[in-house]
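To keep things clear, I will list the structure first and then write my remarks on it.
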Amino acid sequence: MILAPLPREVLIWTIARLLEGVRHVAVGAASPMPAAGSMLRRALDESRTELRLSILGSVANNFFTNGSTELFDCAGQGRLDAFFLGGGQIDGEANVNLVGVGGYPQSRVRWPGSFGSAYLYFTVPRVILFREEHTPRVMVEKVDFISAPGTSPAGVHRPGGPAALLTSKALFRFDRDRPGFTLESLHPGCGLADLLAATGFAFQHDDDPPVTPAPDGATLALLRGRVLDELEETYPAFAADWRRDLAAAQPAA
Amino acid sequence: MPGDLRAMASCVRPGMRIALPVDYAGVSMAMTRPLIENGAGDLHLVCVPTGGLQVDQLIGAGLVAMVETSAVSLGEAGGAPRFNQAVKDGTIRLRDATCPAIHAGLMAAQKGSPFLSIRGLIGSDLLRHRDDWRVIDNPFGAGGDPVVLIPAITPDIAIFHAPLADRFGNVWIGRRRELAAMAYASALTLVTVERIVRRNLLSDETTAAGTLPALYVAEIAEAPRGAWPYGLWGEYATDTAEIMRYASAARSAEGFAGYMAARAGVQA
Chain S
578 MILAPLPREV LIWTIARLLE GVRHVAVGAA SPMPAAGSML RRALDESRTE
628 LRLSILGSVA NNFFTNGSTE LFDCAGQGRL DAFFLGGGQI DGEANVNLVG
678 VGGYPQSRVR WPGSFGSAYL YFTVPRVILF REEHTPRVMV EKVDFISAPG
728 TSPAGVHRPG GPAALLTSKA LFRFDRDRPG FTLESLHPGC GLADLLAATG
778 FAFQHDDDPP VTPAPDGATL ALLRGRVLDE LEETYPAFAA DWRRDLAAAQ
828 PAA
Chain Z
122 MPGDLRAMAS CVRPGMRIAL PVDYAGVSMA MTRPLIENGA GDLHLVCVPT
172 GGLQVDQLIG AGLVAMVETS AVSLGEAGGA PRFNQAVKDG TIRLRDATCP
222 AIHAGLMAAQ KGSPFLSIRG LIGSDLLRHR DDWRVIDNPF GAGGDPVVLI
272 PAITPDIAIF HAPLADRFGN VWIGRRRELA AMAYASALTL VTVERIVRRN
322 LLSDETTAAG TLPALYVAEI AEAPRGAWPY GLWGEYATDT AEIMRYASAA
372 RSAEGFAGYM AARAGVQA
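Line by line, the protein sequences are chains S and Z. Residue numbers for the first sequence follow the numbering used here, so the first one is 578 and each next one is one higher. Residue numbers for the second sequence follow the numbering used here, so the first one is 122 and each next one is one higher.
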């Protein structure tokens with residue numbers, strides 16, 4: 578009997594689904610879930626096509642030879658199809674804040690900073706917003722500081738932008754014209770009322786939204802075998818934690 | 122502490138603009154303590170393109186007036202405690218950037234050009250707070266099409282760590298080309314290395330391609346495990362447990378001072 582999918586496995590499978598058709602995806606240094614989703618996509622696609630995966634700061638998953646500028650040069654030319662962005666705050670217009678809250682420059686709470694967001698959000702066609710914490714303090718009506726805006730006025734060169742927002746509770750897609758989020762699905766165990774209470778911005782939704790699909794048996798086997806092994810090289814702590822969860826969920830013989 | 126590290130650190134004078142590399146590229150942690158003992162403050166740090174432990178320690182030691190960066194963090198170990206506190210207290214000035222803007226500024230300097238234009242940034246609060254950046258319409262376009270101009274970043278000194286140098290002053294940087302970009306842009310480059318070899322790195326085409334020529338390098342000193350607790354590509358892994366110990370200790374000014382005092386004999 579195959580063990581039922583863990584919540585993190587549903588998220589990783591969702592990331593892999595969002596990457597369908599992508600040829601080159603880049604993942605930030607501290608992003609084990611996006612990396613796992615990308616590795617799963619790579620494994621699923623390998624009989625048909627080669628998905629290139631760049632993990633910043635990794636040795637095994639880094640084919641760049643021109644220093645840390647090469648990722649951005651790639652993106653500027655349209656050679657990067659997908660990227661992941663997080664955010665201390667994300668608002669209903671998909672603006673992201675990676676800088677801090679409570680004033681600027683003297684912020685009450687300071688986060689690391691904007692990294693490459695103010696560039697990659699403009700240049701990468703499929704940016705997936707990924708933030709596990711789904712609370713009113715993260716999903717806000719309006720961010721305190723715009724590290725990178727969700728949309729741009731006509732006339733601004735912008736081949737890239739947000740495609741989806743994935744959290745521990747739900748998956749949204751982003752409509753650039755409206756602009757705004759639409760609920761795509763709720764993860765198993767999360768209700769609409771719970772989601773509405775946890776979200777500081779308004780979004781469109783069905784009265785009875787679908788449930789986020791779980792991976793099938795073959796996909797789960799791939800995830801728990803090859804993907805978990807590949808992930809271990811770059812994210813040993815995350816991989817160990819995942820293995821512990823699997824062991825704990827194992828029904829007693 | 123080896124005398125040559127102290128001598129190198131004495132090149133740094135108050136108010137200088139110092140370029141430092143991202144945590145995985147080759148940070149000369151061995152130079153951190155000599156820089157602190159040298160005592161030249163009021164420094165303007167340029168993180169290429171982000172900063173970590175070294176930046177946090179220089180801030181904690183009170184040597185930094187301004188940080189120009191795309192981010193400062195301790196990676197897996199979380200936020201950079203002395204940086205975050207200094208921001209909260211308003212004791213450092215900030216030039217928040219995005220990674221490719223820092224690369225563009227260095228590239229402009231490398232070419233001896235006054236600026237480079239880049240995409241992105243329009244509509245961000247980063248741009249709104251940077252009075253040294255400009256927006257113009259693409260002069261080659263049909264009208265409209267705004268682009269951001271990033272002025273040349275010309276540091277006084279670049280400091281980094283690499284696996285090897287030769288006795289002719291050439292430094293092997295492999296594929297970490299941002300180290301070369303820093304050196305091209307800076308007036309002076311100080312390098313610590315794991316080891317200095319007798320052969321000329323330029324006489325073998327295999328190593329020549331990844332070599333920064335001596336033309337751009339002012340001083341080199343040997344400092345084995347000189348990136349510790351950071352790792353060095355191809356040499357050794359990051360000591361994450363040590364960075365976590367720092368992150369925890371440096372949450373207070375006293376804890377930071379205690380950590381630095383306790384590591385006095387360990388570092389360099």
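The beta carbon of each residue, even a glycine, is placed where N, CA and C say it ideally should be. Owing to the predicted nature of the structure, the values given are computational and were not obtained by experimental measurement.
Asked, Found
"For I592 of chain S, count neighbouring C-beta atoms within 10 Å of its own C-beta (all shown protein chains included) and say buried if the count is 16 or more, exposed if not.", "buried"
"Curious, which full-length beta strand (DSSP E) runs of at least 3 residues does the region 212-286 of chain Z contain?", "214-217, 236-239, 255-258 and 267-272"
"Counting contacts by CB-CB distance shorter than 7 Å, is G693 of chain S in contact with chain Z?", "yes"
"Determine the extent of the beta strand (DSSP E) in which D822 of chain S is found, giving its start and end residues.", "From DSSP, D822 of chain S is part of no beta strand (DSSP E) but of the alpha helix (DSSP H) over P813 to A826."
"Can you say whether S624 of chain S is buried or exposed, counting buried as having 16 or more other CB atoms within 10 angstroms of its CB?", "exposed"
"Of the choices Z:V185, Z:E197 and Z:T153, whose alpha-carbon is the least far from that of S369 of chain Z?", "Z:E197"
"Between the region 190-207 of chain Z and the region 653-672 of chain S, do at least 3 Cβ pairs fall closer than 8 Å?", "no"
"Helix, strand or coil for R316 of chain Z per DSSP?", "strand"
"So, for Q388 of chain Z: in the same chain, excluding its five sequence neighbours on each side, which residues have a beta-carbon less than 6 Å away from its beta-carbon?", "Only weak support is given to the placement of Q388 of chain Z: the predicted model assigns it a pLDDT of 49, under 50, and the value that follows is read from those uncertain coordinates. Here the set comprises R154."
"Determine the chain S residues that contact W354 of chain Z at a beta-carbon separation under 8 Å, and present them in chain order.", "V636"
"Can you list, in chain order, the residues of the region 718-742 of chain S whose Cβ is nearer than 8 Å to any Cβ on chain Z?", "F722, I723, S724, A725, P726, S729, P730, G732, V733 and H734"
"Going by beta-carbon coordinates alone, are L309 of chain Z and A344 of chain Z separated by less than 7 Å?", "no"
"Can you name the residues that DSSP bridges to N674 of chain S?", "S:Q666"
"Is any beta-carbon of chain Z found at less than 7 Å from that of T811 of chain S?", "no"
"Can you check which of these residues, Z:V318, Z:A301 and Z:S238, is closest to L311 of chain Z by C-alpha distance?", "Z:A301"
"Where does the unbroken alpha helix (DSSP H) through V715 of chain S begin, and where does it stop?", "No alpha helix (DSSP H) holds V715 of chain S; DSSP gives it neither H nor E."
"Checking 7 Å against the spacing of the C-beta atoms, do F661 of chain S and Y696 of chain S come in under that value?", "no"
"Scan the region 744-781 of chain S and note each continuous beta strand (DSSP E) run of 3 residues or more that stays entirely inside, going in chain order.", "747-752 and 757-763"
"Which value, in whole angstroms, describes the spacing of the CA atoms of A613 of chain S and L800 of chain S?", "8 Å"
"Of all the residues that make up the region 660-682 of chain S, which are near chain Z by a beta-carbon distance shorter than 8 Å?", "L675, V676, G677, Y681 and P682"
"Per DSSP, what kind of secondary structure is S631 of chain S in: helix, strand or coil?", "strand"
"What residues in the region 317-349 of chain Z have a beta carbon less than 8 Å from any beta carbon of chain S?", "none"
"Using only CA atoms, which one of S:S631, S:M616, S:E597 and S:T626 lies nearest to A606 of chain S?", "S:S631"
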